[in-house]
Amino acid sequence: MAATETFGEIIDGDVFKYYANGCWNKSSSGKSVPIINPSTRKPHFKVQACTREEVDRVMESAKTAQKSWAKTPLWKRAELLHKAAAILKEHKEPIAECLVKEIAKPAKDAVTEVVRSGDLISYCAEEGVRILGEGKFLVSDSFPGNDRTKYCLSSKIPLGVVLAIPPFNYPVNLAVSKIAPALISGNSIVLKPPTQGAVAALHMVHCFHLAGFPQGLISCVTGKGSEIGDFLTMHPGVNCISFTGGDTGIAISKKAGMVPLQMELGGKDACIVLEDADLDLAAANMVKGAFSYSGQRCTAVKVVLVMGSVANTLVKKINDKVAKLTVGLPENDCDVTPVVTESSANFIEGLVMDAKEKGATFCQEYKREGNLIWPLLLDNVRPDMRIAWEEPFGPVLPVIRINSVEEGIHHCNASNFGLQGCVFTKDINKAMLISDAMETGTVQINSAPSRGPDHFPFQGLKDSGIGSQGITNSINMMTKVKTTVINLPAASYTMG
Ligand code: G3H
0 MAATETFGEI IDGDVFKYYA NGCWNKSSSG KSVPIINPST RKPHFKVQAC TREEVDRVME
60 SAKTAQKSWA KTPLWKRAEL LHKAAAILKE HKEPIAECLV KEIAKPAKDA VTEVVRSGDL
120 ISYCAEEGVR ILGEGKFLVS DSFPGNDRTK YCLSSKIPLG VVLAIPPFNY PVNLAVSKIA
180 PALISGNSIV LKPPTQGAVA ALHMVHCFHL AGFPQGLISC VTGKGSEIGD FLTMHPGVNC
240 ISFTGGDTGI AISKKAGMVP LQMELGGKDA CIVLEDADLD LAAANMVKGA FSYSGQRCTA
300 VKVVLVMGSV ANTLVKKIND KVAKLTVGLP ENDCDVTPVV TESSANFIEG LVMDAKEKGA
360 TFCQEYKREG NLIWPLLLDN VRPDMRIAWE EPFGPVLPVI RINSVEEGIH HCNASNFGLQ
420 GCVFTKDINK AMLISDAMET GTVQINSAPS RGPDHFPFQG LKDSGIGSQG ITNSINMMTK
480 VKTTVINLPA ASYTMG
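Quick note: the sequence shown, position 456, residue 455 per the working numbering, numbers continuous.
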């Protein structure tokens, strides 16, 4: 069990409690949801199965708490966030241990996730004080036909209750990337963590509790998405939804009412490699980009589009590096660890088998034990194969050989996704032109796709999402503009 002395109050017996009204609670449902360890495929933790009535109560207290939080001085909100960040970083080890057991994140990466999250909270507190501390002043005679008879003052005010739904792959980092901007902006937060990752998220919430945030301002409900998911996202008490995950986000967008949405729904990040590229650099980035955390990152490299003349050399360099990857348990800090669920592993296997039937070249033998899939490079992939378009979210990298830059850009833009992409070339002019042509939110030049540093703007196009992320964008998105206009009489004092 991951609960150390500091976290003792968040667990009852072997079931983790949910957080509401400033304390840790057992659900009246009397039911729990098991969390399966991806490595052992056995239940490891249990969390409360919250009821709809409990969700209603959480929404009510979130609404009440937000009213006084919005009046809490900005510097004081920032101070509490800095405190939560420090507590989180101080307890990185037990939280990282949950990530290892719940989502099979390699041990070192798990610690990095927690530390990075603390840094994100602190940065957000500082940025929030700057952005929210400023407003705008306009005068009316800057618009045609007007005299200087109106002064317009505008500033940012909170939206109300923000519902945050992070994904399994970053249950701490992608939770705080929603919580911190919401809180600094004067909103309250209702967090629904993913089932795999819920225990790490509950530990993280306890750090906010220990920092001393007001009662009801932060809540965390757990349970099956099938029981409380729609109820939460369609709840009339919600004023903003920030979701990261898969296709479910498209369904949420269709059902949610007139509330701002921040959706990040995955990608099929393409990596275009030109003839003049530094192939060692490209291969190193592709292996890291495609196989770190077993490819379970929305920004993983998910298809390589390489010019035919350098394809053999690149494939060999990638294969040499794949051979050096360690495969095994997250506790041993292996590079490639079991994927999150058995159904994920089955889905990945389906894509691999489809590629096999259609004649892709297997650079390694396909190997799977339970949820553990060995890294696999598929060469000579063609557009009629599912793996050319679908997101495996696993350690499989398809290579498509192209004859022109245009062919690469065409493949990238024909995808339903548009999160990130990358281009490897020594010609910066070409790189800029290709970046302009790629229909993706971000293009990395000579590096693999990546969200971080966490304050950079991050926006998916097409089915990859809506609503810009990154700290400044999130603060802007979780606030609305309040304007007051001072109307002056037409007469004015004469000077002198
Ligand atoms: O999985 C989606 C994350 O936003 C990717 O973040 O690029 O830092 O791994 P990352």
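Glycine included, C-beta positions come from ideal geometry on N, C-alpha and C.
Only a predicted model underlies this, so the values are computations on that prediction, with no experimental measurement involved.
- In this structure, the C-beta of residue 24 stays at least 7 Å away from each heavy atom of the ligand G3H.
- For residue 36, the three-state secondary structure derived from DSSP is strand.
- If you draw a straight line from the Cα of residue 23 to the Cα of residue 16, it is about 6 Å long.
- Pairing residue 122 with residue 485 gives a Cβ-Cβ distance that is not under 8 Å.
- When Cβ pairs closer than 8 Å are counted between the two stretches, the region 375 to 393 is seen to touch the region 287 to 305, the count reaching three or more.
- For residue 208, the enclosing alpha helix (DSSP H) begins and ends at 197 to 210.
- Annotated as proximal: residue 278 and residue 312, with beta-carbon spacing under 8 Å.
- Distances between the C-beta of residue 51 and the heavy atoms of the ligand G3H are all 7 Å or more.
- Using a Cβ distance threshold of 8 Å, residue 32 and residue 222 count as a contacting pair.
- Inclusion of residue 169 in the 7 Å shell around the ligand G3H follows from its C-beta lying nearer than that to a non-hydrogen atom of the ligand.
- Just measuring C-alpha positions, the residue of 69, 103, 74, 109 sitting nearest residue 88 is 109.
- Ranking 333, 408, 234 by CA distance to the CA of residue 306 puts 408 first.
- As summarised for the region 282 to 348, the continuous alpha helix (DSSP H) elements at least 4 residues long and confined to that stretch are 307 to 321, given in chain order.
- The nearest non-hydrogen atom of the ligand G3H is 7 Å or more from the C-beta of residue 206.
- Apart from sequence neighbours up to five positions away, the residues of its chain that approach residue 456 with a beta-carbon distance below 6 Å are 467, 469, 472, ordered along the chain.
- Around the beta carbon of residue 458, a 10 Å sphere encloses 16 or more other beta carbons of the protein chains shown; the residue is thus reported as buried.
- Relative to the ligand G3H, the beta carbon of residue 459 is positioned no closer than 7 Å to any heavy atom.
- Taking C-alpha positions only, residue 237 is separated from residue 43 by approximately 32 Å.
- Sorting 37, 26, 384 by C-alpha distance to the C-alpha of residue 46 places 26 at the top.
- The C-beta separation of residue 478 from residue 187 comes to about 14 Å, leaving the pair out of contact by the 8 Å criterion.
- Every unbroken stretch of the alpha helix (DSSP H) spanning 4 or more residues and falling wholly within the region 62 to 133 is given here in chain order: 73 to 89, 91 to 102, 106 to 131.
- When DSSP reads this structure, residue 375 sits in a beta bridge with 395.
- In terms of Cβ geometry, residue 383 and residue 362 do not form a close pair [threshold 8 Å].
- Note that the C-beta distance between residue 179 and residue 119 is below 8 Å.
- Taking every protein chain shown into account, the CB of residue 334 has 16 or more other CB atoms within 10 angstroms, so this residue is buried.
- Look at residue 297: its beta carbon is less than 7 Å from one of the heavy atoms in the ligand G3H.
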